[in-house]
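2 protein chains.
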Amino acid sequence: MSPIRPEMLDALQHTPLFQGLKREEVSRILEHARPTRVETDAYFFRQAEPAGRLYILLNGQIKVTQLTPDGQQVVMRMINPLELFGCVAALSGGEYPASAQATKDCEALCLYDRDIHKLMQIYPSMAVNAFQIMVKRTHELQDRYRELATECVERRLAHALLRLMQQSSHREGDLIVLDTPLARQDLAEMIGSTLYTVSRILSQWESHQLIVAGREKISLAEPEQLQRIAEAQVFSADLKKAPLGEA
Amino acid sequence: MSPIRPEMLDALQHTPLFQGLKREEVSRILEHARPTRVETDAYFFRQAEPAGRLYILLNGQIKVTQLTPDGQQVVMRMINPLELFGCVAALSGGEYPASAQATKDCEALCLYDRDIHKLMQIYPSMAVNAFQIMVKRTHELQDRYRELATECVERRLAHALLRLMQQSSHREGDLIVLDTPLARQDLAEMIGSTLYTVSRILSQWESHQLIVAGREKISLAEPEQLQRIAEAQVFSADLKKAPLGEA
DNA sequence: CGGGAGTTTGAGCTATCTCAACGGGGGTGG
DNA sequence: CCACCCCCGTTGAGATAGCTCAAACTCCCG
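Sequence lines, in order, name chains A and B. Start counting at 1 in the first sequence, then tack on 10, and there's your number in the working numbering. Start counting at 1 in the second sequence, then tack on 10, and there's your number in the working numbering.
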């Protein structure tokens with residue numbers, strides 16, 4: 011009956027949302043889920059639309075953005091496979107506070123609000139898990155808020171790249187290539203800056219061989235150095251003085 | 011057995027966390043809760059402490075702050091009666107990401123992590139409610155993140171005061187007095203600015219009779235004007251030109 | 001009647017934004 | 001297959017919001 015393939019079920023079962031549920035329970039929950047495909051650049055939902063659907067991303071990648079009344083965009087987060095998005099759907103009568111746009115071709119599972127509440131009553135573990143996921147997410151968002159409030163652009167950019175690295179990247183020789191297609195503008199919108207400033211900083215880092223920057227593609231050569239920029243008071247301008255690694 | 015007074019139980023039952031639970035269920039849940047008192051300026055918990063307790067504030071007020079490695083503080087949010095705090099306790103093995111300091115004498119109920127999970131399995135509604143509370147909170151935090159990323163200090167400050175007004179304030183004649191004891195420094199830490207800039211903006215607003223600013227006390231005279239500053243491109247500098255209300 | 005915490009205000013500085021102009025590569029249509 | 005075009009990126013120069021530091025001021029409290 012369910013159109014979910016068994017391997018996918020395995021993966022989903024060990025996802026934070028379904029932690030502690032039996033395989034057959036997960037399977038039964040997913041009978042209510044509708045597979046959805048969305049092509050690159052298309053939207054799962056748009057800001058201010060009535061929020062009725064919650065999604066689990068199976069593969070692809072998604073950019074969650076908020077638009078200000080005067081047209082500026084802010085990138086709230088990137089979503090990678092097995093993550094939840096559109097959680098506002100759990101609130102009755104709300105609107106999506108942001109838009110979800112595919113940055114690659116995506117497959118996802120869709121749950122409707124009317125089912126979510128019911129399912130969580132039947133499988134309390136799922137509700138507890140969802141609670142914990144949101145706690146963690148709030149926590150992460152708080153960290154980024156603190157960053158934005160206290161750190162300069164260079165450090166925020168370093169944090170952003172490191173975060174993207176952890177979320178989704180792969181090695182190619184000595185380089186760690188970020189899997190996320192990222193225009194300068196996108197990076198700027200993630201850290202509350204401008205594409206010009208981002209471009210300048212990336213150029214500077216590239217000239218110090220910390221990264222390799224390309225068209226909508228960024229690779230990290232020296233993540234540890236970036237880490238130092240992100241955390242301590244080391245700026246790329248200072249790198250000449252302390253050429254390579256000391257703790 | 012339970013040390014909770016009946017009136018308090020009434021109030022709690024209609025709290026977002028206990029929505030939809032029967033009175034006796036709430037009562038049974040609260041048998042696991044331990045009343046806690048904390049005096050003004052003392053802490054419920056501190057950042058980096060192992061997170062084992064979740065609280066429901068009964069009365070008083072709390073300031074949740076995060077400290078950066080280099081000693082700067084950021085005020086994450088103010089907590090008012092019947093709100094939940096310390097939710098990280100729901101995650102096993104975590105640390106508190108922030109400190110919770112009483113800004114007034116406080117009473118709260120304390121739940122321990124080992125009980126939380128159990129209770130949520132028994133009363134799924136509580137888990138669903140907790141999930142929804144966190145969804146809402148993430149949503150609010152996202153809004154503030156967007157503000158911080160895109161708006162200038164003056165607008166952020168206006169937003170902050172309006173938010174404080176909604177959370178906890180009372181009328182005194184023509185004025186709306188904020189119930190929160192707020193030093194300029196605190197306001198600055200809420201909006202990612204400095205006490206100097208905050209002081210300057212408040213002075214300017216006061217000279218336009220939008221507010222009355224005192225020592226750790228602020229009252230709003232023209233919330234609608236503040237709203238316009240917060241939302242539109244009206245700055246206090248422009249107020250002379252548009253002396254009073256038009257839509 | 002100090003003393004100190006909280007606040008105000010001035011003056012200078014700088015990180016970052018803005019605007020404008022140019023560059024380059026790759027996809028597309030002729 | 002070539003050329004053009006468009007999108008993305010770079011770089012410079014100038015403007016500025018807001019930060020920093022320093023100093024004075026005002027309450028409140030003991």
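Glycine included, each C-beta is placed from N, C-alpha and C at the ideal position.
query, result
"Candidates B:Ala43, B:Glu41, B:Leu19: closest to Arg33 of chain B by CA position", "B:Leu19"
"Gln195 of chain A, enclosing alpha helix (DSSP H) - first and last residue", "194-201"
"Residues near Ser203 of chain A in its chain [Cβ-Cβ closer than 6 Å; skip 5 each side]", "Val163"
"Partners in chain B for Cys97 of chain A, counting only beta-carbon separations shorter than 7 Å", "Val145"
"At least three beta-carbon pairs within less than 8 Å, the stretch 71-84 of chain A to the stretch 139-156 of chain B", "yes"
"Within chain B, partners of Tyr155 of chain A - CB distance below 9 Å", "Gln76, Val84, Met86, Leu151, Arg154, Tyr155, Leu158, Gly202"
"Expected contact under 8 Å - CB spacing of Ala112 of chain B and Gly70 of chain B to nearest Å", "6 Å"
"Whole-angstrom distance between Val48 of chain A and Leu254 of chain B, CA atom to CA atom", "Because the pLDDT at Leu254 of chain B is just 40, under 50, the model does not fix this residue reliably, and the point stays unresolved."
"Near the ligand GDP: Leu212 of chain A beta-carbon under 7 Å from a heavy atom", "Absent from the structure shown: the ligand GDP. Ligands present: none."
"Counted within 10 angstroms of its Cβ, other Cβ atoms place Ile132 of chain A as buried (16 or more) or exposed", "exposed"
"DSSP-derived helix/strand/coil call for Gln214 of chain B", "helix"
"Contact set for Glu59 of chain A: own chain, Cβ-Cβ below 6 Å, skip 5 residues either direction", "Tyr106"
"Val222 of chain B - containing beta strand (DSSP E), residue span", "221-224"
"Beta-carbon contacts of Asp189 of chain B that lie in its chain and below 8 Å, excluding the five residues immediately before and after", "Gln71, Ser178, Ser179, His180"
"7 Å CB neighbourhood of Arg194 of chain B in its chain, flanking five on each side removed", "Leu205, Val208, Ser209"
"DSSP beta-bridge partners of Thr75 of chain A", "A:Val85, A:Ser109"
"8 Å Cβ cutoff, Val138 of chain A in contact with chain B", "yes"
"Whole-number beta carbon distance between Gly96 of chain B and Phe141 of chain B, since they are thought to touch under 8 Å", "So it is not a contact: roughly 16 Å between Cβ atoms."
"Pair within 8 Å by beta-carbon distance, Leu260 of chain B and Leu94 of chain B", "In the structure as shown, chain B begins at 11 and stops at 257. Residue 260 of chain B is therefore absent and cannot be evaluated."
"Helix, strand or coil at His180 of chain A [DSSP, three-state]", "strand"
"Short CB-CB distance (under 8 Å) between Thr148 of chain A and chain B", "yes"
"Start and end residues, alpha helix (DSSP H) containing Ser37 of chain A", "33-40"
"Straight-line Cα distance separating Ile228 of chain B from Asp184 of chain B", "13 Å"
"Contacts around Gly224 of chain B, its chain only, beta-carbon distance under 7 Å, and the 5 residues preceding and following it disregarded", "none"
"Bridge-paired residues (DSSP) for Ile186 of chain B", "B:Arg181, B:Leu230"
"For Arg47 of chain B, the first and last residue of its enclosing beta strand (DSSP E)", "44-48"
"Proximal residues to Ala52 of chain A (C-beta, below 6 Å), its chain only, five neighbours per side dropped", "Ala112"
"Check whether Cys116 of chain A and Leu167 of chain A have beta carbons under 8 Å apart", "no"
"Residues of its chain near Val244 of chain A, where Cβ-Cβ distance is below 6 Å and the 5 sequence neighbours each way are ignored", "Arg238"
"Ile239 of chain B at chain A interface by Cβ criterion, 8 Å", "no"
"Spatial neighbours of Lys73 of chain A in its chain, beta-carbon cut-off 7 Å, leaving aside the 5 residues before and after", "Val85, Met88, Gln111, Thr113"
"Pairwise C-alpha distance: Ser217 of chain A and Val145 of chain A", "40 Å"
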